[in-house]
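A.B. asks: FYI, the numbering for the sequence shown is 26 to 274, going by our numbering.
Ideal placement from N, C-alpha and C gives every residue a C-beta, glycine not left out.
Remember, it's a predicted structure, so these values are computed and weren't measured experimentally.
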Amino acid sequence: MDGDDLAELLRLRHGVLRAVVEAPRPRHELVDALPDSKSTVYKGLSQLEAAGLVERSEDGFVPTLFGTVALARYDALADTAALADLLADVPAGAVDPAALVGAEIVRPDETDVERHLDALWELLGDAEHARGVSPVVSPGYVERFRALLDSGLTAELVLPTTVVRSLRDEHPDALAAVAERTTLHESTESLPFGVVVTEGEHPRMAIELRDGPLVTGLLTNDTPDALRWAEATVDRFRAEATAVAVDRS
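1) For A180, does the three-state DSSP call read helix, strand or coil?
2) Can you tell which of V271, E256, A270 has its C-alpha closest to the C-alpha of A264?
3) Would you call the CB atoms of V56 and V66 closer than 7 angstroms?
4) Does the region 87-98 touch the region 31-46, meaning 3 or more C-beta pairs lie closer than 8 angstroms?
5) Would L200 and R193 be called neighbours here (beta carbons separated by less than 7 angstroms)?
6) Ignoring anything shorter than 3 residues or poking outside the region 123-171, list the beta strand (DSSP E) runs there in chain order.
7) Between the beta-carbon of E181 and the beta-carbon of G225, is there less than 7 angstroms?
8) DSSP three-state label for S64, please.
9) Sort out for me which residues DSSP pairs E80 with in a bridge.
10) Grab the span of the beta strand (DSSP E) containing E210 for me, first residue to last.
11) Taking 6 angstroms as the limit between beta carbons, can you name the residues of its chain near P2, skipping five residues before and five after?
12) Let me know the secondary structure DSSP gives P185 once reduced to three states.
13) DSSP three-state call for G219: helix, strand or coil?
14) Measuring straight from C-alpha to C-alpha, what distance separates L234 and E214?
15) Reducing DSSP to helix, strand and coil, say where R50 ends up.
16) Could you have a look at T267 and say whether DSSP puts it in helix, strand or coil?
17) Nearest by alpha-carbon distance to T179: which of S212, A268, F170, P185 is it?
18) Round the Cβ separation of A58 and A251 to the nearest angstrom and send it over; I've been treating them as touching at under 8 angstroms.
As structure tokens, then:
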């Protein structure tokens, strides 16, 4: 069986394989547990067995190691497909694909337009230290960020020069409030998305994706690959940035 045949088999029979992986059992119990017809389940089991994804035992059908790994790969691919629209405007090569494996997707919708922001505040609330870059800063969230700083969070932020200028001209108090509690830098580089990586008992990273001024979603992850990528990304922008001078008079 080649890769194309395996992909097609998993597309058709992943539900049957998942039922076997989750709870190995006799064929008749699988029929009862699945919404498919008896003939469909029987055919699926025969195909999965012929492909080496499941095998028979005294207690019924059980997954092979190959079957368990194949299902995990299928699920990872399905998760990646859900990122398609979120990543449509992200430049190729901007994000290490390894950082997206296992990522949780948080999207705003008509029932909760700030779901992604709540997830970000929760991530920051669990952290001891946060480092990040952001293409946009809303003055309205400064007080909420300051409350986290008051609770013990320390932070280092890199912002675009255009954002720093806008804050300095239109919201000087907000800029001073941020600079007072954080290590703040400005960058002339274009930031296609926001990135934050936290330190603490449960380190995590997050990518905030935007379509212009609108946030389209938040990706969070805690895998070593994701954390390494986020750290390296913040380091890269920080290396080219300069410290922000704020008039606190």
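C.D. replies: Answer, in terms of the structure:
1) strand
2) E256
3) yes
4) yes
5) yes
6) 129-131, 154-158
7) no
8) helix
9) V87
10) At residue 210 the sequence reads His, which differs from the Glu that was named. Element bounds for H210: 207-212.
11) Because the chain in this structure spans residues 26 to 274, residue 2 falls outside the shown range and cannot be described.
12) strand
13) strand
14) 17 angstroms
15) strand
16) strand
17) F170
18) About 35 angstroms; that fails the 8 angstroms criterion.
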